[in-house]
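A short write-up of the structure that comes next.
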Amino acid sequence: MKLVRYGATGQEKPGMIDAVGTLRDLSAHVADITGATLGDDGIAKLRALDPATLPAVEGNPRMGACVGDIGKFMCIGLNYADHAAETGADIPEHPILFMKANSAITGPNDDVVMPRGSATTDWEVELGVVIGKAAKYVSEEEALDYVAGYCLCNDVSERHFQTSLTGQWTKGKSCDTFGPTGPWLVTRDEVEDPQNLDMWLDVNGKRMQTGNTKTMIFTVAQVISHLSQLFTLHPGDVISTGTPPGVGMGMKPEPVYLKDGDVMELSIQGLGIQRQNVRADD
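Just add 533 to wherever you are in the sequence shown, counting from 1, and you've got our numbering.
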């Protein structure tokens, strides 16, 4: 099942994509797609609906982030061995965690706005994991039972802010519009193996990133289990699980970064496509 949120910013409505790709409205059944509706029981109720009985949405409305009212937006750094190598970083002993401010979250096709003076804004295609029920002290073996579903994320990053402004990576990860999420949340029953998903990202039609989640250093289950030892993961929390090689800062002989007018397109197998126009802030 593919769950979406559509409509103007701040006025998104819940929906689903049916088997032939038609957007169907879910407003008569749920108020929104949030942690409150993403538990096993909530998803079972939505799955029991006959999509043909739901109103079809006309036109081509804006897609919002596929999860509303996200509690925590967590990101795992250097989680692909080949990406760590391109940045010259050591393989981490434990998952590297940083947070992305919720104010960075946008729809999958909204503009990405580079902060004033930015010359080092970068791209990162990532698998997003949406938590469906509270997880505390869970084992790796049971970790995936706590997943509501998966989505596509672009962990947009301002590298100067991230590495040179003293402090944690959050500074370079949390700029407004730096968290495109969606277009849809695919429930976990439709993702047979989250550790075998192809992924790619293009800039201006040129392939920059090509990868597969099988090269993760820490699997989705390992990440969930690890974080749950530290704090409770709540329904509606999102974990962005790292990026494969091909980011701008790793380009040789010189880094390549986004500029005003660029277009990013990215996808993960089964999770849809994002497309963002890049523009400089006024």
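Using N, Cα and C, we set each Cβ at its ideal position, and we do this for glycine too.
**Prompt:** What separation, rounded to the nearest whole angstrom, lies between the Cα atoms of L760 and L766?
**Reply:** Roughly 8 Å between the two C-alpha positions.
**Prompt:** What are the start and end residues of each continuous beta strand (DSSP E) run of 3 or more residues lying completely inside the segment 779–812, in chain order?
**Reply:** Here the runs fully enclosed are 796–801.
**Per DSSP, cross-strand counterpart(s) of K739** = In the DSSP output, where bridge partners are listed per residue, K739 has V736.
**Asked** M677 and V753 look like a contact to me (Cβ under 8 Å); what is the Cβ gap, rounded to whole Å?
**Response** Reading off the sequence shown, one finds Leu at residue 677, where the question assumed Met. Rounded to whole angstroms, the Cβ separation of L677 and V753 is 7 Å, and the two are in contact under 8 Å.
**Request:** Counting only the same chain and skipping the five closest in sequence on each side, list residues whose C-beta sits under 7 Å from that of N810.
**Result:** D644, V796, listed in sequence order.
**Asked** How many whole angstroms separate the CB atoms of D655 and M782, which I take to be in contact at a CB cut-off of 8 Å?
**Response** Contact holds; Cβ gap of about 6 Å.
**Asked** Which runs of the beta strand (DSSP E) spanning at least 3 residues fall entirely within the segment 599–628, listed in chain order?
**Response** You should have 606–610.
**Prompt:** Are P588 and D565 close, meaning C-beta to C-beta below 7 Å?
**Reply:** D565 is positioned such that its CB atom lies no closer than 7 Å to that of P588.
**Message:** Measuring only the C-alpha atoms, how far is A622 from G610?
**Reply:** About 11 Å.
**Message:** For S773, report the span of its beta strand (DSSP E) as first-last.
**Reply:** First-last of the beta strand (DSSP E) with S773: 771–773.
**Proximal residues to S707 (C-beta, below 6 Å), its chain only, five neighbours per side dropped** = These residues qualify, in order along the chain: K633, A634, A637.
**Request:** Work out the CA separation of S651 and P641 for me, nearest whole Å.
**Result:** C-alpha of P641 to C-alpha of S651: approximately 22 Å in a straight line.
**Message:** By DSSP's criteria, G712 is part of a beta bridge. Which residues make up the other side?
**Reply:** Answer by DSSP bridge pairing, in chain order: I638.
**Message:** My assumption, with CB atoms under 8 Å, is that Q807 sits in contact with N612. Please give the rounded CB distance.
**Reply:** Between N612 and Q807 the Cβ distance is about 20 Å, and since that is not below 8 Å, they are no contact.
**Prompt:** Any idea what DSSP makes of F631, helix, strand or coil?
**Reply:** The answer is strand: DSSP assigns F631 an E or B state.
**Message:** Going by C-alpha to C-alpha distance, which of L791, M549, T542 sits closest to W717?
**Reply:** That would be M549, whose Cα lies nearest to the Cα of W717.
**Asked** How big is the Cα-Cα spacing for S697 and C608?
**Response** Taking the straight line joining both Cα atoms gives about 19 Å.
**Request:** Drop a sphere of 10 angstroms on the beta-carbon of H616, count the other beta-carbons inside from all chains shown, and report buried for 16 or more, exposed for fewer.
**Result:** Buried, because 16 or more other Cβ atoms sit within 10 Å of the Cβ of H616.
**Request:** Please list the segments of the alpha helix (DSSP H) lying wholly inside the segment 656–685, counting only runs of 4 or more residues, in order along the chain.
**Result:** For the segment 656–685, the continuous alpha helix (DSSP H) assignments of 4+ residues that do not extend past its boundaries occur at 673–676, in sequence order.
**Prompt:** What separation, rounded to the nearest whole angstrom, lies between the Cα atoms of S758 and M784?
**Reply:** So the two alpha carbons sit approximately 33 Å from each other.
**Item:** For V658 and W733, the rounded distance between their alpha carbons
**Value:** If I take the Cα positions, the gap works out to 7 Å.
**Prompt:** Roughly how many whole angstroms lie between the Cα atoms of G803 and V689?
**Reply:** So the two alpha carbons sit approximately 21 Å from each other.
**S672 classed as buried or exposed, judged by whether at least 16 other C-beta atoms fall within 10 angstroms** = When all chains shown are included, S672 counts as exposed.
**Message:** Under 8 Å, with one C-beta from each stretch per pair, do the segment 552–562 and the segment 623–631 reach the 3-pair mark?
**Reply:** No: the two stretches stay apart, fewer than three of their Cβ pairs being nearer than 8 Å.
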